[in-house]
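Worksheet for the structure shown next.
Protein chains: 6
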Amino acid sequence: MNKNIHTFLGFESPYDEADIVVFGSPYDGTTSFRPGTRFAPATMRQESYGLETYSPYLDMDIIEDAAIFDGGDLDLPFGNTERVLDMIHEYASRVVHDEKVPVMIGGEHLVSYPAVKAVFEKYPDLHIIHFDAHTDLREDYMGEKLSHATVIRRAWELVGDGRIHQFGIRSGEKVEFEWAKAHTSLTKFDCAGLEDAVESLKGKPVYVTIDLDILDPSIFPGTGTIEPGGITFKEMMSAIDTLKGLNIVGADVVELSPHYDQSGTSTAVACKVLRELLLAIAYK
Amino acid sequence: MNKNIHTFLGFESPYDEADIVVFGSPYDGTTSFRPGTRFAPATMRQESYGLETYSPYLDMDIIEDAAIFDGGDLDLPFGNTERVLDMIHEYASRVVHDEKVPVMIGGEHLVSYPAVKAVFEKYPDLHIIHFDAHTDLREDYMGEKLSHATVIRRAWELVGDGRIHQFGIRSGEKVEFEWAKAHTSLTKFDCAGLEDAVESLKGKPVYVTIDLDILDPSIFPGTGTIEPGGITFKEMMSAIDTLKGLNIVGADVVELSPHYDQSGTSTAVACKVLRELLLAIAYK
Amino acid sequence: MNKNIHTFLGFESPYDEADIVVFGSPYDGTTSFRPGTRFAPATMRQESYGLETYSPYLDMDIIEDAAIFDGGDLDLPFGNTERVLDMIHEYASRVVHDEKVPVMIGGEHLVSYPAVKAVFEKYPDLHIIHFDAHTDLREDYMGEKLSHATVIRRAWELVGDGRIHQFGIRSGEKVEFEWAKAHTSLTKFDCAGLEDAVESLKGKPVYVTIDLDILDPSIFPGTGTIEPGGITFKEMMSAIDTLKGLNIVGADVVELSPHYDQSGTSTAVACKVLRELLLAIAYK
Amino acid sequence: MNKNIHTFLGFESPYDEADIVVFGSPYDGTTSFRPGTRFAPATMRQESYGLETYSPYLDMDIIEDAAIFDGGDLDLPFGNTERVLDMIHEYASRVVHDEKVPVMIGGEHLVSYPAVKAVFEKYPDLHIIHFDAHTDLREDYMGEKLSHATVIRRAWELVGDGRIHQFGIRSGEKVEFEWAKAHTSLTKFDCAGLEDAVESLKGKPVYVTIDLDILDPSIFPGTGTIEPGGITFKEMMSAIDTLKGLNIVGADVVELSPHYDQSGTSTAVACKVLRELLLAIAYK
Amino acid sequence: MNKNIHTFLGFESPYDEADIVVFGSPYDGTTSFRPGTRFAPATMRQESYGLETYSPYLDMDIIEDAAIFDGGDLDLPFGNTERVLDMIHEYASRVVHDEKVPVMIGGEHLVSYPAVKAVFEKYPDLHIIHFDAHTDLREDYMGEKLSHATVIRRAWELVGDGRIHQFGIRSGEKVEFEWAKAHTSLTKFDCAGLEDAVESLKGKPVYVTIDLDILDPSIFPGTGTIEPGGITFKEMMSAIDTLKGLNIVGADVVELSPHYDQSGTSTAVACKVLRELLLAIAYK
Amino acid sequence: MNKNIHTFLGFESPYDEADIVVFGSPYDGTTSFRPGTRFAPATMRQESYGLETYSPYLDMDIIEDAAIFDGGDLDLPFGNTERVLDMIHEYASRVVHDEKVPVMIGGEHLVSYPAVKAVFEKYPDLHIIHFDAHTDLREDYMGEKLSHATVIRRAWELVGDGRIHQFGIRSGEKVEFEWAKAHTSLTKFDCAGLEDAVESLKGKPVYVTIDLDILDPSIFPGTGTIEPGGITFKEMMSAIDTLKGLNIVGADVVELSPHYDQSGTSTAVACKVLRELLLAIAYK
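Residue numbers (my numbering), protein chains in the order written: chain X, 8 to 291; chain D, 8 to 291; chain A, 8 to 291; chain H, 8 to 291; chain G, 8 to 291; chain C, 8 to 291.
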């Protein structure tokens, strides 16, 4: 008799045999409105038992067609943002070093920063595809440089102009939208132009960060800051389908705050988005 | 002064004068994820007082334009699936024998099986129109032949190849989708082709089973297994409108689990779907 | 140190400098199904701190581009409908007299009646644009003349035939739809024809009343009577965008019942609708 | 086959054979904080199916040991308090005239006034036992004479000094507590002295009104105005047990607002309080 | 890097070194009111991370002072009660055979039957201490012999008269209370007499079954059938403390239905009861 | 017309005339389990309108008998604990400097530290009365010195041995309870000995910190870490009553997390506790 094992969708690959490494970063310390994304990875793991392993979208089965290891959640402290980011960076760096693709479950969006950094240190020509309701391009937020509201600005400091491709953006300060015109490729409201972007990135290393609040709150209310006017679930599926064939070297799914949606819909959405994203990464 | 009468939408027809007989089968014993569909018929009856009797979709009024009897809920035992199915079969058979159309409120989807059987015994050339997120075509589920996940497979054992028309399917095992290719007509994701199917079934006896989880969880989160990516409410209305003129000899609306949607939206949706379905049956 | 000030979106204009006056009418005394709209204005004020002041839809910032005063909520009694309506009328009349635009947060839809009356007394050639799921055209409701279900009929008694433009209507009694054919312009289900209506109203004084239940309950479940089949949030944004350039002399946003949507989505939707509506009024 | 009958605890007595008549008055029009008591009687009827008919407290079975008729809910209008009170008075008067004991399920506490009045008109020497968290002794509330906050003051205008026995009171204005010293018997916080009061009332006609918010919100959160510091459920049971043997000629249970307690505890509490109260009335 | 391990309170003992074996039986197939106890063991495991391992009640630390293995949940089918009971019996029998104490997390109360049976087969002189709100002594429930409402009657068929000690009982049919007088020792409402019972059982093998609905719903609303009037949490702690020194050879904690208490209180209560029960078993 | 003012219980004193200054510190950055105390002060202010200003416990009216200013909430950043604590310290210091009593609404318990520090800097002979479920005496928590779990340890570093009086403690690590024996006065489970402590502190400056989770979760589930076994609301009232006559020079009420109790009970409890605490401070 063995101790109780608990992995997303029942993933069974040992670390050494895995191509993809899933792990959770349960941190929400800079969340400015409703905290609770810390509960996302454990809740997703729990609820994933209600999800089929077969995807009729991609006609793939995630247990048969991918080798994935689930390392559980990092044991992060509370109230010390810098230390948290260091721990995530360390973990992601090890995964990257071992030639595997890290796929992180947030947590708030700031956790993407150390993961992007770890991947960027290996792939200096990294591009980022960024799905989100918010620009996340502030220079600082209430005086803080490290914040969910500044994370893409911080990532830009690593990768530079022309490397960040933003989709679905519908909220931010005027100055952020202005700044984006010079430094990133920003698409308002939806994912128009994603196909062209993907085409131009074929062969290049890409990090995909999905802030789930890109989705309309009708289908994804379980998040910190609710922004009506987002994309539908079918548009999200279509966008992920478009990513097939890219060289995705790192990815994350962030900003599920499960307690704010007691129907469980948001968690089910996050699980299916993660399943499809993993299949898109595994797709050959 | 009379005892308190409590019927869906205030239906007033006595049994003998009714063309349609509504009844509830509050069973959820084989539900594999979140139980609670047992509460659906009583909750729908209660909340139906908030619903208008006039449909601007069909320009019909359900009190004026249809003669419907509401027999309340069957008093089903717990934990004995076979006995439950026998009781439903007996009730539905009596309704069919009396030349009325049984319209059942589930409960989980397995309750459709004895109702289909009762109707099939009178109409051996029966066709089934099946709206659902799931294939429900497993040979067995965890060793059990009688399960919400096998109900359409069991129905196929009655009616045979080419008689089952499935719409909206977006979840299942790979083997179920394969099996369907040979035995049913399965449309993935939406209701494309429904008009043609209806056209080809004109004049034939048809059983319509609506698993409400065909709807996207944005509009119908109150169900056992949440499957993002479903049809909108307007698509559902349009599909029901398409059914007008068919010879519908039996029908059901299943898988509302009202406790999982505390906003009441799912129950309101189920009530309106049932109202429109009843009008489509009554339509001449 | 000053006492705690609490205004929608942090509006800072003093009354004398404001062009627009926001105030709340927390009344739900004639609500026939689920009460609770009394909580809407205070909840919206509270939650508005999570909303950006910049609108990427209109490329305007509501603090920079509009001068708005928030007067808080009227202190209305309970159980005496006539007295409540008098108090609202008195407040709105003062605002209109001071050459400002009253923008009221309900409360149930009946609160629109005294506000419309106050505006009509100044602008006898007033037109009304009415967004709603319901006709609200009953002559009386269970014997009561003053009701959320009769409010547009009462408004018609003021402004007369051809002055009321209804959009999104999908529920009512058969007789209401019949009556509308002779007296109002009623569009079922959506906002088709809104552009033409707006074009024809250019230059005329217009009152805009938005019953938020025009929205589909997938995005707006927090209301008294849930009516599936409504418009999407993007359609709502588009409709408000269409209003730009009209001479809006009064407006309201009603029927948010925040307690029935614990995810907070409905309140966030109401806040964003109000922000855009205010910007459309301020637009030059 | 008969139409669906729906009564509290499955009560089966026809009106003519009943000693006690249960009915619901779903009105909450003067509720000043959180409305929703209108849902109490229908919800209690629905949930009563989870309650045993046998009471181990009184060793009685309510189906065997009492003859009770459930007349359902009155069909009350909205927004017209006086008309609502008239309808309740008319119904209660008929029950009293037919020599039966009316037992009303509220609704808010104001509904007790017309029921007390109907009973008082037959029994001019009526005493009132009043369980509540609040004094309900205001002369008016925001200018309104008819209010849940004035109901016992209105009842005092009928029965006069020394006839009202208040227990559990823990909230009110200072002036109300002062007024009570001269006109009622008021016990703060608990039911101390109830036994003596009951002893002194033996043989006299008594109306018992139970505002369920006398209970601590730990066991009864589902009410309009939450007042921590109430009695426990066991104290409530003990108090009702003390009433055995009184000549109770009318009674009510008011102020359950079921939507505010999604665990269902408050509704279960209300059902058990009503069962025990009915048994205490039937007790010989 | 190892796969994600997930155990109650972080229990780390391997099976071979453990004295106590915790496992979950997520079955609720015969629940007659509100299902959902199937979610209890996984939810308790998840939430146990918020619980200290040190008990100030017993001054013991469960990681230091006990060797406990958590085997996870049994993978039970749905809708086939007999097969479920066989699987539980098989698992419990193996644990008993290996000279360890099985401690099961339900599920509904019926799961106690096969566990008691497994323990009884090894210890024919077994006594049962039964904490519950309900008698659970029906001969059958709606015709079914195997039901949560009959489980103690079934256990009595194994162990016989004078072996079952019931505490806290406050609900049942009259006939059950009558039957108990001849066959079990039944204490109504509280745990009076528990100390004497424990004293008389010193040295004998004892199975302890805790139906958590013995607790008042003020502290434990998250269960299928809510019965106001139960014991307080402090009384529960005191009762478990009394069990110290008994030869407990099997135990269970059943009837948590976590979805019905969204505050999480019921789950926290269940976790602490289980911690203290495990410490009482480990106590020397 | 003035901008909308929003204060707890409608407090009207200007800062200069106030004896007591209420303010909110909406910070929950080190919360280790369920965050959300950031919403407490605004929610309490909102819900306080349902609370009477008169206390039947102390026979005082808080508007008549006390001069209190409500300064609203501090505008704290996210993710930088040290900066947050500095801002609270600055505000509290100013209040203390102006010879007024600061009464802070948390936020998590760590916010007490800078408030205690500000008060201690003026009153070096300060004693602390600490109501809590938890010891809060850790040297560090996951490596962090500044944490809700270390706050009383940090306070001890200021005031030293024999100055901290802890009541109601029922959770912590073994080492914390050991440490307390040498450095604080710790009472487990309840408030036994409070009267003696108060007697011994007469005339000395005292800071009172109430972590509301000292209350049993039956009455206060809306908090981060649920600890069954706490005191009742009546015990809390009695404890506060005992504080009358002390020289309270600073106080706080912390750890309400309102979103986790949708019934509103926890917020109502927090409001009443705060009202009574303010009256006890104002009592002469």
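Idealized CB from N, CA, C, for every residue including glycine.
Supposed contact pair A/K181 and D/D68 - C-beta distance, whole angstroms, cut 8 Å
One-based indexing of the second sequence puts residue 68 of chain D at position 61. One-based indexing of the third sequence puts residue 181 of chain A at position 174. The Cβ separation is near 6 Å, so the contact holds.
Cβ of A/D82 within 9 Å of any chain H Cβ
By one-based count along the third sequence, residue 82 of chain A stands at place 75. By this cut-off, A/D82 is an interface position.
Kindly indicate if chain A contains any beta-carbon less than 9 Å away from that of D/S270.
Your numbering for residue 270 of chain D matches position 263 in the second sequence. Judged by the 9 Å Cβ criterion, D/S270 is in contact with chain A.
Interface residues of chain H facing D/A47 [CB-CB closer than 9 Å]
By 1-based counting over the second sequence, the position of residue 47 of chain D is 40. For the C-beta of D/A47, not a single chain H residue is nearer than 9 Å; the gap to the nearest is close to 13 Å.
Look at the alpha carbon of C/S39 and the alpha carbon of C/G229, and state the distance between them as a whole number of angstroms.
Locating residue 39 of chain C in the sixth sequence gives position 32, counting from the first residue. Locating residue 229 of chain C in the sixth sequence gives position 222, counting from the first residue. The alpha-carbon atoms of C/S39 and C/G229 are separated by roughly 15 Å.
Environment of C/D197 [buried if 16+ CB atoms lie within 10 Å]:
As a working note, residue 197 of chain C is residue 190 in the sixth sequence. With 16 or more other Cβ atoms from the protein chains shown falling within 10 Å of its own Cβ, C/D197 counts as buried.
Could you tell me which residues DSSP pairs with D/V182 in its beta bridges?
Here the question's residue 182 of chain D lines up with position 175 in the second sequence. Paired residues: none, contrary to the question.
C/L284 and C/L250 closer than 9 Å at C-beta
Indexing the sixth sequence from 1 puts residue 284 of chain C at position 277. Indexing the sixth sequence from 1 puts residue 250 of chain C at position 243. Yes, the Cβ-Cβ distance between C/L284 and C/L250 is below 9 Å.
Segment contact, 8 Å Cβ cut-off, at least three pairs: the segment 56–73 of chain D with the segment 116–128 of chain D:
Touching, no, given that fewer than three Cβ pairs across the two stretches are closer than 8 Å.
Go through the segment 142–215 of chain D residue by residue and report every complete run of the alpha helix (DSSP H) that reaches 4 residues or more, in order.
Taking 4 residues as the shortest admissible run, the segment 142–215 of chain D contains the following complete alpha helix (DSSP H) segments, listed from N- to C-terminal end: 158–166, 181–190, 201–208.
So that I know if they touch, is there some Cβ in chain D lying closer than 9 Å to that of A/P212?
For this step, residue 212 of chain A is matched to residue 205 along the third sequence. For A/P212, the answer is no, since every Cβ of chain D falls outside 9 Å of its Cβ.
If you measure between the beta carbons of G/L193 and G/I136, is that distance less than 9 Å?
Locating residue 193 of chain G in the fifth sequence gives position 186, where the first residue counts as 1. Locating residue 136 of chain G in the fifth sequence gives position 129, where the first residue counts as 1. The beta carbons of G/L193 and G/I136 sit no closer together than 9 Å.
Does the segment 16–33 of chain D come close enough to the segment 75–87 of chain X to have 3 or more Cβ pairs within less than 8 Å?
They do not touch, by the three-pair rule.
Answer with buried or exposed for D/E234, where buried requires no fewer than 16 other C-beta atoms within 10 angstroms of its C-beta.
Mapped onto the second sequence, residue 234 of chain D falls at position 227. With a 10 Å radius around the Cβ and a threshold of 16 neighbouring Cβ atoms, D/E234 comes out buried.
Output, in chain order, the set of chain G residues within a Cβ distance shorter than 8 Å of D/S39.
Mapped onto the second sequence, residue 39 of chain D falls at position 32. For D/S39, the C-beta contacts it makes with chain G under 8 Å involve F85, in order along the chain.
Integer-rounded CB distance, given that X/A277 should sit under 8 Å from X/A99
Residue numbering aside, residue 99 of chain X sits at position 92 when the first sequence is read from its first letter. Residue numbering aside, residue 277 of chain X sits at position 270 when the first sequence is read from its first letter. With a contact defined as Cβ atoms closer than 8 Å, X/A99 and X/A277 miss out at about 20 Å.
Below 8 Å, can you find three or more Cβ-Cβ pairs linking the segment 27–46 of chain C to the segment 27–44 of chain X?
At 8 Å Cβ cutoff, the stretches touch.
CA nearest to the CA of A/A258, picked from A/N9, A/G237, A/L286:
Residue numbering aside, residue 258 of chain A sits at position 251 when the third sequence is read from its first letter. Looking at the Cα atoms, A/L286 is the closest of the given residues.
How about X/D220 and X/H141: are their beta carbons less than 9 Å apart?
The residue you call residue 220 of chain X lines up with position 213 of the first sequence. The residue you call residue 141 of chain X lines up with position 134 of the first sequence. For X/D220 and X/H141, yes; Cβs fall inside 9 Å.
What in chain H is Cβ-close to C/E244, meaning under 8 Å?
Taking the sixth sequence and counting its residues from 1, the one referred to as residue 244 of chain C is at position 237. Contrary to the premise, residue 244 of chain C reads as Met rather than Glu in this sequence. Those within 8 Å of C/M244 in chain H are G236.
Continuous alpha helix (DSSP H) stretch holding H/S100: start and end:
Taking the first residue of the fourth sequence as position 1, residue 100 of chain H is located at position 93. Run containing H/S100: 88–104, per the alpha helix (DSSP H) assignment.
Give a yes or no on whether the minimum CB-CB distance between G/R145 and chain D is below 9 Å.
Here the question's residue 145 of chain G lines up with position 138 in the fifth sequence. At a cut-off of 9 Å, the C-beta of G/R145 has no neighbouring C-beta in chain D.
Please classify H/D143: is it buried, with 16 or more other beta-carbons within 10 angstroms of its beta-carbon, or exposed?
Residue 143 of chain H sits at position 136 when you count from the first residue of the fourth sequence. By the Cβ neighbour-count rule, H/D143 is buried, with 16 or more other Cβ atoms within 10 Å of its own.
Note down, in chain order, all residues in the segment 153–186 of chain A with a beta-carbon under 8 Å from any beta-carbon belonging to chain X.
Contact annotation: in the segment 153–186 of chain A, no residue has its CB less than 8 Å from a CB in chain X.
Beta-carbon within less than 8 Å of G/L153's beta-carbon, same chain only, minus the 5 sequence neighbours each way: which residues are those?
Start at 1 with the first residue of the fifth sequence, and residue 153 of chain G comes out as number 146. So the qualifying residues of the chain are T37, T88, E89, L92, L117, Y120, R161.
Report the residue from G/A289, G/I288, G/R282, G/A275 whose alpha carbon sits nearest the alpha carbon of G/G57.
For the purposes of this step, residue 57 of chain G is identified with residue 50 of the fifth sequence, where counting begins at 1. Residue G/A275 is the option with its Cα nearest to G/G57.
For a contact defined as C-beta to C-beta under 9 Å, what are the partners of A/E151 on chain H?
Here residue 151 of chain A is taken as the residue at index 144 of the third sequence, counted from 1. Against A/E151, the close residues of chain H are P84, F85, G86, N87, R90, in the order they occur along the chain (beta-carbon pairs closer than 9 Å).
Whole-Å CB distance - G/R177 paired with G/G237, under 8 Å assumed
Start at 1 with the first residue of the fifth sequence, and residue 177 of chain G comes out as number 170. Start at 1 with the first residue of the fifth sequence, and residue 237 of chain G comes out as number 230. Yes, G/R177 and G/G237 are in contact; Cβ-Cβ is about 7 Å, under 8 Å.
Give the C-beta separation of X/V256 and X/Y290 to the nearest angstrom, bearing in mind that I take them to be a contact with Cβ-Cβ under 8 Å.
Here residue 256 of chain X corresponds to residue number 249 of the first sequence, with the count starting at 1. Here residue 290 of chain X corresponds to residue number 283 of the first sequence, with the count starting at 1. Not really, about 14 Å apart at Cβ, beyond 8 Å.
Taking 6 Å as the limit between beta carbons, can you name the residues of its chain near H/H134, skipping five residues before and five after?
Working through the fourth sequence from its first residue, we reach residue 134 of chain H at position 127. Within the same chain, H/H134 has close Cβ partners R170, L208, K211, V213.
Can you name, in chain order, every residue of its own chain whose Cβ lies under 6 Å from the Cβ of A/T216, other than the five neighbours on each side?
Numbered from 1 along the third sequence, position 209 holds the residue referred to as residue 216 of chain A. Result list for A/T216: S119, H137, D259, in chain order.
I'd like the span of the alpha helix (DSSP H) that includes X/V118, first residue to last.
Position 111 of the first sequence, counted from the start, is the residue given in the question as residue 118 of chain X. DSSP places X/V118 in no alpha helix (DSSP H); its state is neither H nor E.
Going by C-alpha distance, which of G/A189, G/Q173, G/V108 is nearest G/A246?
Here residue 246 of chain G refers to the residue found at position 239 of the fifth sequence. Considering only alpha carbons, the answer is G/Q173.
Determine the chain D residues that contact H/T60 at a beta-carbon separation under 8 Å, and present them in chain order.
As a first step, residue 60 of chain H is located in the fourth sequence; it is residue number 53 there, counting from the start. Correct list: empty, because the minimum Cβ distance to chain D is about 16 Å.
Nearest to D/I159 by CA position, among D/N11, D/D218, D/E206, is which residue?
Taking the first residue of the second sequence as position 1, residue 159 of chain D is located at position 152. Check the Cα spacing between D/I159 and each of D/N11, D/D218, D/E206: the tightest is with D/D218.
Please state whether DSSP places D/G57 in a helix, a strand or coil.
Position 50 of the second sequence, counting from 1, holds the residue named residue 57 of chain D. Here D/G57 sits in helix by DSSP.
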